[in-house]
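Peer 1: First to last, the protein sequences are chains F and L. For the first sequence, our numbering gives the first residue as 693, with consecutive numbering after it. For the second sequence, our numbering gives the first residue as 693, with consecutive numbering after it.
Number of protein chains: 2
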Amino acid sequence: MEVTGHMPPQDAPRTRSASIWDVARVAGVSQQTVSRVINGKARVSEATRARVLQVIAELGYRPNRLAQALAGGPVRSVTVLTSDTALYGAAATLRGMEEAARTAGFSVGISVLERGSGQADIALRLNRPGEAVMVIAFDDAGVRALRALPADVPVTAAVERRPDDGPDDPWQIWLDDRAAAAHATRYLLSLGHQTVHYVAIPSSTSALPQRTQGWQDALRAAGRPLPEPLPGGWSPRSGYLAVRSLLADRSVTAILCGNDDLALGVMRAAREAGRDIPGDLSVVGFDDSPPSAYLNPSLTTVRLDFEGLGRACFGLLHRRLDPQNAAAVPAWSEPELIVRESSGPAPS
Amino acid sequence: MEVTGHMPPQDAPRTRSASIWDVARVAGVSQQTVSRVINGKARVSEATRARVLQVIAELGYRPNRLAQALAGGPVRSVTVLTSDTALYGAAATLRGMEEAARTAGFSVGISVLERGSGQADIALRLNRPGEAVMVIAFDDAGVRALRALPADVPVTAAVERRPDDGPDDPWQIWLDDRAAAAHATRYLLSLGHQTVHYVAIPSSTSALPQRTQGWQDALRAAGRPLPEPLPGGWSPRSGYLAVRSLLADRSVTAILCGNDDLALGVMRAAREAGRDIPGDLSVVGFDDSPPSAYLNPSLTTVRLDFEGLGRACFGLLHRRLDPQNAAAVPAWSEPELIVRESSGPAPS
DNA sequence: GTAGGGTATGTTATCGATCACATTCTTTCT
DNA sequence: AGAAAGAATGTGATCGATAACATACCCTAC
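Shown next as structure tokens:
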């Protein structure tokens, strides 16, 4: 069997790594046949397949993914858009996404959204039009990026809350923060606290955040006084500042925090104010970030399965890209209250 | 001015986004001229440039980076190889790399190295032969990946330690862990502690890790007893387990930890053993991870500029890829001992 | 024996850019 | 004024793959 016509103009020099043409020439087949072997889609005779595979191994041939994508092959790459990965939630979600994508043979791009940066240039970050995208939209920057994405890009997103207006977007997933916050609040009430104060993380939209709503749900249902939520940021410092003055008031006996970092700041403020935890004051966090179990006192918090959410977000994307072959979207865990040392009965 | 010859066979249909040909046609120039405008390298008359730029804006044209790379354009993408990003050091380094790369107009790929996974397939993760790579090689998996990379890929790495054998690789950078550990150890000795125990993080190579060496340097120089390093992992739990039995010995009054997470576990073990920090026992961490300042007691630790290291690692790569135009490699901060509440005078 | 229907494989066009070289149009100098 | 030098721009080949279509081959059925 001889391949004569339609050869590439020049022999690939030794300096360049093997291309599909080199494999084809050495194996004595056409590049299309090599392509068929690589992708395993079309039928190739067993003998030919074996020969091609052997040549591939000998030459150390690796398909060039850029060329594959350019030529319109199946999508095998994703770009993740996320804001500050110093935050546990975003970082853990990213880990889940990367793991799932890598396992499925996708290459993963990442682009961090600076807080407050413009969204006009979002499309510029993509490697090509139609690039697949996952957005981690737990905050304002993420939500804006999601909105700014051109309509033709296949995108899935992990969001803080479902959109208020219109139907659910089937390509967005979220954790049930609202129910979890309500549960944590009910837990504190059940310990005898008259009410629960809440230090809020910044909102991802103009509407009331899910965690804030859940906290309010529980207080309302129990007919308890509903304090103003204390506006916090994402950092321990902002939690510290948010409650410092509040803690002089000994009637404040229970504080729920929008995340564990805020709780860290709250606990420090409590120490400085001479309030004992959990004797005088119960503190509950949100996220169950890694240090929480080892803090002094260890932190009662709501465990959120961000990694699972990230894996599911990729699963969703995979289904969107390739409904035929993609596996089922993996399930993720429900939020779970982890009771530790930082919460206890209301002081008598 | 009319462009007649050498047109692409068919008009780009409305469904596909604008290509360089569309811009060229509308602007009445050749695609090469559009390419020149995009890349700003060759000279184009002011009038032509303005017209092309306007058409680009009108059509919303975005160059396809895959096609650019395939066609042999300048490298504008990097893949970062890193192990577990749940660890603060790797995560912070990655942040620095991503930020610097994004700022320089590079797209960033990421691929996580599973602990203990084979290294044979590392090249498979790259989008193409010759893809630029940065490796975060603070642990075994990273170092192995760095070794397994084909010779033709332009790579820089953030490493735990410089290679023992042979000359320094000019494309690797590191923090001076050894000096920092020695400094932290001297600090503890200066507080009156007879000696300092050390809980080690896993080694990235078969040789003695830098932090361990620095600790030993200081003890030797001071003529103090040199205890066996306690083997730890990366997690608080492993720190807890490593020192639990040791803490029964009241003569142990100072412990240096290979990272802050280990310190977290050590502090818990101390609490359970009824050892007061810093009264009975001084604990010093390594890294200055975000929670450290807010722990109870707040943790004395060595601040490491991982983000700066990451930025520098990209700077180095940029110089390697494009020595002419790349900016100078940004400096990063020296390790710095941050004294907080967890360390104090030796008990009398 | 020949039409019919797969199966295996080859050929050409295409994706969207860059590169190297060719060509045209201006200047500038003698 | 003519030639040489340089600026601006166009042409064809190329990167490494896939898609769509074409073709050769083989076996079965009438």
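Ideal Cβ positions, reconstructed from N, Cα and C, are used throughout, including at glycine. Quick caveat: nothing in here was measured; it's all calculated off a predicted structure.
Verify the CB distance criterion: does Ile802 (chain F) have a CB-CB separation below 9 angstroms to chain L?
Peer 2: Closer than 9 angstroms: yes.
Peer 1: Pairing CB atoms from the region 981 to 997 of chain L with CB atoms from the region 979 to 991 of chain F, are three or more of them under 8 angstroms?
Peer 2: Yes, the region 981 to 997 of chain L touches the region 979 to 991 of chain F.
Peer 1: Beta carbon of Leu867 (chain F), beta carbon of Pro970 (chain F): below 9 angstroms?
Peer 2: Not in contact: Leu867 (chain F) and Pro970 (chain F) (Cβ atoms no closer than 9 angstroms).
Peer 1: Ordered along the chain, which non-local residues of its own chain (more than five positions away) have a Cβ less than 6 angstroms from that of Arg708 (chain F)?
Peer 2: Hits under 6 angstroms: none found.
Peer 1: Alpha carbon to alpha carbon, how far is Arg1012 (chain L) from Leu996 (chain L)? Give it in angstroms, no decimals.
Peer 2: Those two C-alpha atoms are separated by around 25 angstroms.
Peer 1: Cβ atoms of Phe1006 (chain F) and Phe798 (chain F): under 9 angstroms apart, would you say?
Peer 2: Contact flag set, yes.
Peer 1: Quick one: is Gln724 (chain F) buried, meaning 16 or more other Cβ sit within 10 Å of its Cβ, or exposed?
Peer 2: So Gln724 (chain F) counts as exposed.
Peer 1: Any beta-carbon of chain L closer than 9 angstroms to the one on Asp953 (chain F)?
Peer 2: So yes, Asp953 (chain F) belongs to the interface.
Peer 1: Decide if the region 896 to 911 of chain F is in contact with the region 930 to 941 of chain F; the criterion is three or more beta carbon pairs, one per stretch, under 8 angstroms apart.
Peer 2: The answer is no - the region 930 to 941 of chain F does not touch the region 896 to 911 of chain F, with fewer than three Cβ pairs under 8 angstroms.
Peer 1: Using a Cβ-Cβ cutoff of 7 angstroms, what residues of the region 748 to 769 of chain L are near chain F? List them in chain order.
Peer 2: Correct list: Arg754, Asn756, Arg757, Leu758, Ala759, Ala761 and Leu762.
Peer 1: Would you please verify whether the beta carbon of Asn988 (chain F) is less than 9 angstroms from any beta carbon of chain L?
Peer 2: Yes, because at least one Cβ of chain L sits closer than 9 angstroms to the Cβ of Asn988 (chain F).
Peer 1: Quick one: list the residues of chain F neighbouring Asn731 (chain L), beta-carbon separation under 9 angstroms, in chain order.
Peer 2: The contacting residues do not exist; Asn731 (chain L) stays about 15 angstroms from chain F at best.
Peer 1: Roughly how many angstroms lie between the CA atoms of Ser930 (chain F) and Ser1040 (chain F), to the nearest whole one?
Peer 2: Each residue's alpha carbon lies about 30 angstroms from the other.
Peer 1: Look at Val772 (chain F) and Val800 (chain F) and say whether their C-beta atoms are less than 9 angstroms apart.
Peer 2: Against a cut-off of 9 angstroms, the Cβ pair of Val800 (chain F) and Val772 (chain F) comes out as a contact.
Peer 1: Beta-carbon separation of Ile802 (chain L) and Leu841 (chain L) under 9 angstroms?
Peer 2: Not in contact: Ile802 (chain L) and Leu841 (chain L) (Cβ atoms no closer than 9 angstroms).
Peer 1: Determine the chain L residues that contact Ala783 (chain F) at a beta-carbon separation under 9 angstroms, and present them in chain order.
Peer 2: Neighbours of Ala783 (chain F) on chain L, chain order: Thr777, Ala778 and Ala783.
Peer 1: Could you tell me the distance, in whole angstroms, from the CA atom of Ala761 (chain F) to the CA atom of Glu1033 (chain F)?
Peer 2: So the alpha carbons of these two residues sit roughly 53 angstroms apart.
Peer 1: Please state if the CB of Val718 (chain F) and the CB of Leu751 (chain F) are separated by a distance shorter than 9 angstroms.
Peer 2: Yes; because the gap between Cβ atoms is below 9 angstroms, this pair is in contact.
Peer 1: Between Met826 (chain F) and chain L, is there a C-beta pair that is closer than 9 angstroms?
Peer 2: So, not an interface residue.
Peer 1: When you check each C-beta in the region 957 to 970 of chain L against every C-beta of chain F, which residues fall closer than 8 angstroms?
Peer 2: Result list: Gly957, Met959, Arg960 and Arg963.
Peer 1: Once the 5 residues before and after Glu791 (chain F) are set aside, which same chain residues still bring their CB inside 7 angstroms of it?
Peer 2: Excluding residues within five positions, the ones whose Cβ falls inside 7 angstroms are Arg1003.
Peer 1: DSSP three-state label for Val1021 (chain L), please.
Peer 2: Three-state DSSP puts Val1021 (chain L) in coil, outside helix and strand.
Peer 1: In this structure, how does DSSP classify Arg1003 (chain L) when only helix, strand and coil are distinguished?
Peer 2: Arg1003 (chain L) falls in the helix class under three-state DSSP.
Peer 1: Give the straight-line distance between the Cα atoms of Val770 (chain L) and Gly822 (chain L), rounded to the nearest whole angstrom.
Peer 2: Each residue's alpha carbon lies about 10 angstroms from the other.
Peer 1: Throw me the rounded Cβ distance for the Leu779 (chain F) and Trp926 (chain F) pair, which I believe falls under 8 angstroms.
Peer 2: The Cβ separation is near 6 angstroms, so the contact holds.
Peer 1: Between which two residues does the beta strand (DSSP E) containing Ala850 (chain L) stretch?
Peer 2: Segment Val847 to Val851, the beta strand (DSSP E) holding Ala850 (chain L).
Peer 1: Buried or exposed for Thr992 (chain L), please, with buried defined as at least 16 other CB atoms from any protein chain shown within 10 angstroms of its CB.
Peer 2: Buried.
Peer 1: Could you please give the first and the last residue of the uninterrupted alpha helix (DSSP H) stretch that includes Tyr932 (chain F)?
Peer 2: Unbroken alpha helix (DSSP H) run through Tyr932 (chain F): Pro928 to Val935.
Peer 1: Could you give the first and the last residue of the continuous beta strand (DSSP E) run that contains Leu636 (chain F)?
Peer 2: The first residue shown for chain F is 693 and the last is 1040, placing residue 636 (chain F) beyond what the model contains.
Peer 1: So, is Arg820 (chain L) buried or exposed, given that buried needs 16 or more other C-beta atoms within 10 angstroms?
Peer 2: Looking at its Cβ environment, which holds 16 or more other Cβ atoms inside 10 Å, Arg820 (chain L) is buried.
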